[in-house]
Amino acid sequence: MTVKYIFRTLGAAVCILMFSTSVQADHRWGAYHWARSAAVEINLKVVNSTTGDWTPVLSDSIAEWNVSEIFELGIDRDDTSKRTRKRCNSVTGQMRVCNAAYGYNGWLGMATINIDAESHIVKGTAKVNDSYSSYWAIEGEMNHVLCQEMGHVFGLGHTSEDGSSQLTCMDYSSDPGSQWPNEHDYDLLTVIYDQVDAYNSYDDSVGGGGGGDTKPCRGKKCPNFGEPEIPPMGVRVHRGRNHEVWVARGRADSLWIHHVRLVPEEYR
Numbered sequence: 001m002t003v004k005y006i007f008r009t010l011g012a013a014v015c016i017l018m019f020s021t022s023v024q025a026d027h028r029w030g031a032y033h034w035a036r037s038a039a040v041e042i043n044l045k046v047v048n049s050t051t052g053d054w055t056p057v058l059s060d061s062i063a064e065w066n067v068s069e070i071f072e073l074g075i076d077r078d079d080t081s082k083r084t085r086k087r088c089n090s091v092t093g094q095m096r097v098c099n100a101a102y103g104y105n106g107w108l109g110m111a112t113i114n115i116d117a118e119s120h121i122v123k124g125t126a127k128v129n130d131s132y133s134s135y136w137a138i139e140g141e142m143n144h145v146l147c148q149e150m151g152h153v154f155g156l157g158h159t160s161e162d163g164s165s166q167l168t169c170m171d172y173s174s175d176p177g178s179q180w181p182n183e184h185d186y187d188l189l190t191v192i193y194d195q196v197d198a199y200n201s202y203d204d205s206v207g208g209g210g211g212g213d214t215k216p217c218r219g220k221k222c223p224n225f226g227e228p229e230i231p232p233m234g235v236r237v238h239r240g241r242n243h244e245v246w247v248a249r250g251r252a253d254s255l256w257i258h259h260v261r262l263v264p265e266e267y268r
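All residue numbers for the sequence shown refer to the working numbering, where the first residue is 1 and numbers rise by one.
Take a look at the structure:
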């Protein structure tokens, strides 16, 4: 598939993605959100593909995001082999969290979402790059970056681009007070998810059900829950001071969108 073909196919969607990365007062990440068919908590299953030094960070991040009224995250299973962590396959209807030494490629963290034609997130991954070990020695930055990547998978963007602190993990500061979500993040999730959809895009099967009466899904709107897929990177459509956005075509007219947290110059 050529770059020219990708841009011709994506067209206006790519342009929207470029503008949606700019700082907004409510720091949404575009219009991306998980679909839910009833106004109940989204019981989003998390696949733990982290090593022992990151697993407590993941557990704390889950606890902090669960303060919101929208999500009830829970680890569905552990899959922590080196191969699994390096590949970090996405799982439809779920979020996988991974760490590995992904190499000196310029990024600290990467959030990846797969969206359908209605901008509903149907799967996501959050990755952190162990190769930059000197950066992770900074107080609180393991918490900060992993919390941030998970926030992107929910549909949140960044609160600022200039490195200033808003006391949230969704900023780009190195303030020790910016390790976790704040009340504004929780409030914004309530605004983003102040709607119901025709179907659930998250895996609401037994053990992670979202409650309510889920309408049967058919055709392209019916995800194959549990199907693993390695997201292609595609092409870069935006570069900012601290991040990049990449887009690729997926299966069944879906899009892959990667929000890449760049390594500060002094750590490259």
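The beta-carbon is built from N, C-alpha and C at its ideal position, and this holds for glycine as well.
For this session: Only counting runs of 4 or more residues, tell me where the alpha helix (DSSP H) segments fall wholly within the stretch 48 to 98, in order along the chain.
Result: Fully enclosed alpha helix (DSSP H) runs of 4 or longer: 55 to 65 and 82 to 87.
Exercise. How would you label residue 155, buried or exposed, when you count the other beta carbons within 10 angstroms and need 16 or more for buried?
Worked result: To locate residue 155, count along the sequence shown from 1; it is residue 155. Per the 10 Å Cβ criterion, buried.
Exercise. In chain order, what residues of the same chain lie with their CB nearer than 6 Å to the CB of residue 146, ignoring the 5 residues before and after it?
Worked result: Taking the first residue of the sequence shown as 1, we reach residue 146 at position 146. Excluding residues within five positions, the ones whose Cβ falls inside 6 Å are 57, 61 and 128.
Problem set entry | Alpha carbon of residue 90 to alpha carbon of residue 121, nearest angstrom | Taking the first residue of the sequence shown as 1, we reach residue 90 at position 90. Taking the first residue of the sequence shown as 1, we reach residue 121 at position 121. Each residue's alpha carbon lies about 12 Å from the other.
For this session: Give the range of the alpha helix (DSSP H) segment to which residue 145 is assigned.
Result: By one-based count along the sequence shown, residue 145 stands at place 145. Unbroken alpha helix (DSSP H) run through residue 145: 141 to 154.
For this session: Could you tell me the boundaries of the alpha helix (DSSP H) in which residue 191 lies?
Result: Residue 191 sits at position 191 when you count from the first residue of the sequence shown. Residues 183 to 192.
Exercise. DSSP on residue 28, reduced to helix/strand/coil?
Worked result: Locating residue 28 in the sequence shown gives position 28, where the first residue counts as 1. Strand.
For this session: Could you please give me the residues that DSSP links to residue 125 through a beta bridge?
Result: By one-based count along the sequence shown, residue 125 stands at place 125. The partner list for residue 125 (beta bridge, DSSP) reads 96 and 112.
Exercise. Across which residues does DSSP place residue 247 in a beta bridge pair?
Worked result: Along the sequence shown, read from residue 1 onward, the residue named residue 247 stands at position 247. DSSP, once it has assigned bridges, lists 235 and 257 as partnering residue 247.
For this session: Look up residue 262 in the DSSP assignment and give the residues it is bridged to.
Result: Looking up residue 262 in the sequence shown gives position 262. 107.
Exercise. Which first and last residues belong to the alpha helix (DSSP H) in which residue 134 is found?
Worked result: For the purposes of this step, residue 134 is taken as the residue at position 134 of the sequence shown. For residue 134, the uninterrupted alpha helix (DSSP H) segment begins and ends at 133 to 136.
Problem set entry | Cutoff 7 Å; reference residue 230; Cβ partners in own chain excluding five residues on either side | By 1-based counting over the sequence shown, the position of residue 230 is 230. So the list reads 87 and 89, once near-sequence residues are dropped.
Exercise. Are the CB atoms of residue 169 and residue 157 nearer to each other than 8 Å?
Worked result: As a first step, residue 169 is located in the sequence shown; it is residue number 169 there, counting from the start. As a first step, residue 157 is located in the sequence shown; it is residue number 157 there, counting from the start. Against a cut-off of 8 Å, the Cβ pair of residue 157 and residue 169 comes out as no contact.
For this session: Please report the Cβ distance between residue 55 and residue 95, rounded to the nearest whole angstrom; I am assuming they are in contact, meaning their Cβ atoms lie under 8 Å.
Result: Here residue 55 refers to the residue found at position 55 of the sequence shown. Here residue 95 refers to the residue found at position 95 of the sequence shown. The C-beta separation of residue 55 from residue 95 comes to about 15 Å, leaving the pair out of contact by the 8 Å criterion.
For this session: Look at the Cβ atom of residue 70, then the Cβ atom of residue 202, and state whether they are nearer than 8 Å.
Result: What you label residue 70 is simply residue 70 of the sequence shown in a count that begins at 1. What you label residue 202 is simply residue 202 of the sequence shown in a count that begins at 1. Not in contact: residue 70 and residue 202 (Cβ atoms no closer than 8 Å).
For this session: Quick one: residues in its chain with C-beta nearer than 8 Å to the C-beta of residue 67, no 5 flanking neighbours on either side, listed in chain order?
Result: In the sequence shown, counting from the first residue as 1, residue 67 sits at position 67. The answer, listed in chain order, is 181 and 186.
Problem set entry | Contact check, residue 160 vs residue 178, beta carbons under 8 Å | Taking the sequence shown and counting its residues from 1, the one referred to as residue 160 is at position 160. Taking the sequence shown and counting its residues from 1, the one referred to as residue 178 is at position 178. Taking the C-beta atoms as reference points, residue 178 is found no nearer than 8 Å to residue 160.
Problem set entry | Integer Cβ distance of residue 39 from residue 196, believed to fall under 8 Å | In the sequence shown, residue 39 corresponds to position 39, counting from 1. In the sequence shown, residue 196 corresponds to position 196, counting from 1. With a Cβ gap of about 6 Å, residue 39 and residue 196 count as contacting.
Problem set entry | Reference residue 274, options 239, 250, 118 and 253, closest by Cα | Residue 274 lies beyond the range of the chain shown here (1 to 268); nothing can be said about it.
For this session: Could you name the residues of the same chain whose beta carbon sits closer than 8 Å to that of residue 103, not counting the 5 residues immediately before and after it, in chain order?
Result: Taking the sequence shown and counting its residues from 1, the one referred to as residue 103 is at position 103. Closer than 8 Å at Cβ, skipping near neighbours: 129 and 131.
Problem set entry | residue 74, buried or exposed, once every other Cβ within 10 Å from all chains shown has been counted against 16 | For this step, residue 74 is matched to residue 74 along the sequence shown. The residue is exposed, with fewer than 16 neighbouring Cβ atoms inside 10 Å.
For this session: Drop a sphere of 10 angstroms on the beta-carbon of residue 273, count the other beta-carbons inside from all chains shown, and report buried for 16 or more, exposed for fewer.
Result: Lying before the first or after the last residue shown, residue 273 is absent from the chain, which here runs from 1 to 268.
Problem set entry | Simplified DSSP state of residue 102, which is helix, strand or coil | Along the sequence shown, one-based indexing puts residue 102 at 102. In the displayed model, residue 102 falls within coil according to three-state DSSP, outside both helix and strand.
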